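Protein chains in written order, with the working numbering: chain A, 1 to 338; chain B, 339 to 749.
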């Protein structure tokens with residue numbers, strides 16, 4: 001075990017996969033010599049060479065397309081899109097090509113591409129460095145979508161994603177890179193070294209996709225969440241003195257329906273929380289699943305917590321962010337439905 | 339001959355600890371490049387895309403067919419705008435370091451690009467800048483206080499708190515809203531120019547991107563549409579050698595100049611010394627005349643050097659030689675114009691010092707005023723209700739509901 005922040009854990013995952021599998025290659029803007037703008041690929045080009053860790057032109061569509069071609073030709077590319085906000089020039093290649101290649105060729109062609117991309121706000125990034133577009137990708141058949149909330153999961157999930165023969169869009173909540181964040185920007189930052197999930201196995205291990213983690217067990221209500229909102233939900237529940245069960249989904253596609261439903265059936269109350277905008281967000285999918293599977297066990301209407309349906313505003317970051325207060329009012333609403 | 343295919347990996351000329359090397363930059367002598375008729379066909383002037391238009395020679399004289407013969411008073415205005423841009427950048431960088439603003443991007447060493455090009459255009463021409471064109475705002479006369487209030491996201495912020503610092507706009511000044519996404523404005527400028535031609539107007543559009551951003555598909559969309567419709571547009575690639583940590587070879591600059599993309603699309607391409615105020619002015623004037631006389635679009639490559647970090651979030655000491663800029667063969671644009679004016683007898687070190695003090699005082703006074711409208715952390719604050727406005731022209735019900743919830747949340 002070693003103390004790692006999320007950046008180091010992700011670096012360790014890529015290091016191990018580059019070492020174990022000669023078909024793994026990394027590609028992205030500034031990831032080679034420089035080691036990435038968030039330092040996630042630091043040292044990897046030096047260690048594995050320029051043919052395995054490639055700097056790329058600033059062309060997200062080109063990065064995704066080239067990764068597909070490499071994948072078809074037997075490599076296992078891990079493409080970095082520097083910010084999730086910059087993924088859209090690659091959208092056609094992801095949606096029309098990467099996601100459907102196996103299907104349209106009746107299984108004859110596939111590209112085992114992992115797309116890593118930092119997402120989420122809370123870093124004064126304004127509308128072009130703060131988005132959480134996971135729901136856009138969960139809506140596309142053929143893509144797996146992952147979002148870890150801590151270093152230990154991040155490493156195991158990334159290794160699994162790289163080894164997966166299906167395309168994976170791997171979102172990294174950048175506000176969690178350096179420490180768990182409970183939604184209160186006025187409190188001093190807590191580093192991962194002070195958190196048990198910052199203790200990471202230095203060797204190879206995997207965390208399966210489609211397996212949610214019950215990060216807190218409780219009996220009175222279930223909060224289903226992922227990414228940046230996991231620690232916000234934990235803090236909100238603790239402050240309310242509600243015995244809430246908190247489920248960290250970790251992967252959105254595939255979705256761990258069993259863990260979600262067994263929790264909601266136990267508690268009878270459900271809140272769904274994500275940082276992304278609310279309207280047509282991934283939360284709506286979870287709410288539907290819970291309604292379909294757990295309707296007769298519900299004691300109250302399901303509540304959603306999300307970012308407001310506006311672009312991410314630079315000056316109103318904390319009025320926008322779904323912090324503890326927004327989680328708390330949703331929990332109160334399921335506890336005391338009117 | 340190799341026995342196998344090979345993957346070429348562009349090598350930066352000098353990484354930290356290595357000796358700066360700009361031998362790859364092809365430089366024509368000042369005055370050496372011919373100046374074709376403005377209506378010349380793109381295919382007949384392809385040499386312009388590989389040569390380099392330069393007017394100022396090593397003795398600070400203006401020479402050759404591209405000499406724009408500007409009035410000394412005009413040159414002094416250019417010098418003033420460039421110096422103001424530089425001092426503004428220095429001061430705003432310091433305010434970022436002091437935590438007053440969240441982010442900043444300097445244009446150090448590239449001031450001639452924005453200032454000379456803006457001065458060579460007309461006020462009715464529409465500008466589609468990148469985030470490193472603050473000289474356009476300054477040369478168009480946008481008030482410093484307005485620019486600063488945008489950086490501060492304060493109660494006078496033109497963006498109402500919605501954008502990162504430096505993402506300015508000016509509807510009245512005909513400067514388009516800056517996006518944080520790269521190269522998106524390039525084909526939009528072509529569309530604007532097409533509309534001008536459809537409406538029979540005399541205005542042109544001009545847009546700027548870095549050479550790194552020319553890797554984006556939008557660069558190619560711009561050239562294609564400009565070529566097909568021969569739109570009245572000037573497409574500028576500011577080749578400042580570095581895109582964060584990757585040098586221009588990673589945008590394809592090793593094999594061919596960026597200007598040479600123009601002839602590939604049937605567009606006039608022209609390469610210019612981006613640190614030579616007079617050359618930049620003359621080339622822009624030529625391209626503008628082409629656009630206004632129906633000779634179509636021009637792709638301009640401005641060869642310059644990003645002397646500062648990419649942004650306040652960047653540290654170039656990690657990826658390029660420390661003394662790189664000192665070896666940059668095209669010098670500094672402000673120094674070069676200053677020396678030319680002195681050589682003309684129209685300027686002096688003393689006047690330069692006086693101007694510097696005057697502009698520093700102007701910026702200091704503007705900052706004093708700007709902060710009275712609030713900073714990120716202190717003073718008057720924008721109303722968070724504004725967050726919900728302008729998502730749509732009229733606020734739909736679900737946003738009205740969310741606005742009410744936010745008010746409740748804030749207590």
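We treat Cβ as the ideally placed atom computed from N, Cα and C, and that holds for glycine.
Quick caveat: nothing in here was measured; it's all calculated off a predicted structure.
According to DSSP, residue i sits in a beta bridge with which residue or residues?
i                      : result
residue 608 of chain B : B:638
residue 114 of chain A : A:78 and A:168
residue 199 of chain A : A:3
residue 144 of chain A : A:168
residue 508 of chain B : B:513
residue 394 of chain B : B:400
residue 173 of chain A : A:119
residue 214 of chain A : A:247
residue 307 of chain A : A:277
Here's the rule I'm using: 16 or more other beta-carbon atoms within 10 Å means buried, otherwise exposed. How should residue i be labelled?
i                      : result
residue 674 of chain B : buried
residue 662 of chain B : buried
residue 69 of chain A  : exposed
residue 614 of chain B : buried
residue 625 of chain B : buried
residue 226 of chain A : buried
residue 51 of chain A  : exposed
residue 722 of chain B : buried
residue 281 of chain B : In the structure displayed, chain B extends from 339 to 749; residue 281 of chain B sits before or after that span and is not available.
residue 130 of chain A : buried
residue 357 of chain B : exposed
residue 566 of chain B : exposed
residue 362 of chain B : exposed
residue 4 of chain A   : buried
residue 103 of chain A : exposed
residue 420 of chain B : buried
residue 737 of chain B : buried
Short check: CB of residue i to CB of residue j, under 8 Å?
i                      : j                      : result
residue 642 of chain B : residue 384 of chain B : no
residue 570 of chain B : residue 513 of chain B : no
residue 173 of chain A : residue 120 of chain A : yes
residue 222 of chain A : residue 269 of chain A : yes
residue 618 of chain B : residue 454 of chain B : yes
residue 579 of chain B : residue 126 of chain A : no
residue 470 of chain B : residue 440 of chain B : no
residue 305 of chain A : residue 273 of chain A : yes
residue 330 of chain A : residue 303 of chain A : yes
residue 676 of chain B : residue 685 of chain B : yes
residue 231 of chain A : residue 182 of chain A : yes
residue 338 of chain B : residue 354 of chain B : Here chain B covers residues 339 to 749 and nothing more, so residue 338 of chain B does not appear.
residue 297 of chain A : residue 264 of chain A : yes
residue 637 of chain B : residue 605 of chain B : yes
residue 81 of chain A  : residue 39 of chain A  : no
residue 574 of chain B : residue 640 of chain B : yes
residue 725 of chain B : residue 275 of chain A : no
residue 89 of chain A  : residue 554 of chain B : yes
residue 161 of chain A : residue 145 of chain A : no
residue 176 of chain A : residue 207 of chain A : no
residue 436 of chain B : residue 395 of chain B : no
Spell out a yes or no on whether the region 235-248 of chain A and the region 208-219 of chain A are touching, meaning 3 or more CB-CB pairs, one atom from each, closer than 8 Å. With a cut-off of 8 Å, the region 208-219 of chain A and the region 235-248 of chain A count as touching, because enough Cβ pairs lie within range.
Counting only runs of 3+ residues fully inside the region 626-711 of chain B, write out the beta strand (DSSP E) ranges in chain order. If only complete runs of 3 or more residues are kept, the region 626-711 of chain B shows the beta strand (DSSP E) at 636-641, in order along the chain.
Could you tell me which uninterrupted alpha helix (DSSP H) segments, each at least 4 residues in length, are contained entirely in the region 18-72 of chain A, listed from first to last along the chain? As far as the region 18-72 of chain A is concerned, its whole alpha helix (DSSP H) runs of at least 4 residues are 44-48 and 60-72.
Within the region 537-622 of chain B, ranges of the beta strand (DSSP E) (whole runs, at least 3 residues): Within the region 537-622 of chain B, the complete beta strand (DSSP E) runs of at least 3 residues are 543-548, 571-577 and 606-611.
Completely contained alpha helix (DSSP H) runs for the region 220-304 of chain A, where each covers 4 or more residues: For secondary structure counted as the alpha helix (DSSP H) over 4 or more consecutive residues, the region 220-304 of chain A holds these complete runs in sequence order: 229-240, 257-267 and 282-294.
With a cut-off of 8 Å, do at least 3 Cβ pairs link the region 398-409 of chain B to the region 419-434 of chain B? The region 398-409 of chain B is not in contact with the region 419-434 of chain B.
Quick check: the region 95-113 of chain A against the region 540-548 of chain B, are there 3 or more CB pairs under 8 Å? Three or more beta-carbon pairs separated by less than 8 Å are not found between the region 95-113 of chain A and the region 540-548 of chain B, which leaves the two stretches without contact.
Within 8 Å, do at least three Cβ pairs link the region 593-603 of chain B to the region 385-395 of chain B? The region 385-395 of chain B makes contact with the region 593-603 of chain B: 3 or more CB pairs, one atom from each, lie closer than 8 Å.
Within 8 Å, do at least three Cβ pairs link the region 560-570 of chain B to the region 521-532 of chain B? Contact annotation: the region 521-532 of chain B touches the region 560-570 of chain B, with at least three C-beta pairs closer than 8 Å.
Quick check on the DSSP output: what are the complete alpha helix (DSSP H) runs of length 4 or more inside the region 429-496 of chain B, in order along the chain? Counting whole runs of 4 or more residues, the region 429-496 of chain B contains the alpha helix (DSSP H) stretches 449-458, 472-477 and 482-490.
Stretch-stretch touch, CB-based, cutoff 8 Å, three pairs: the region 140-150 of chain A with the region 86-101 of chain A: These segments touch.
Does the region 18-30 of chain A come into contact with the region 63-80 of chain A, if we say contact requires no fewer than three beta-carbon pairs (one atom in each stretch) closer than 8 Å? Yes, the region 18-30 of chain A touches the region 63-80 of chain A.
Between the region 470-489 of chain B and the region 307-319 of chain A, are three or more C-beta pairs nearer than 8 Å? Note that the region 470-489 of chain B does not touch the region 307-319 of chain A; fewer than 3 beta-carbon pairs, one per stretch, sit closer than 8 Å.
Say whether the region 7-17 of chain A touches the region 200-208 of chain A, bearing in mind that this needs 3 or more beta-carbon pairs closer than 8 Å, one atom from each stretch. Cβ pair count under 8 Å is three or more, so yes.
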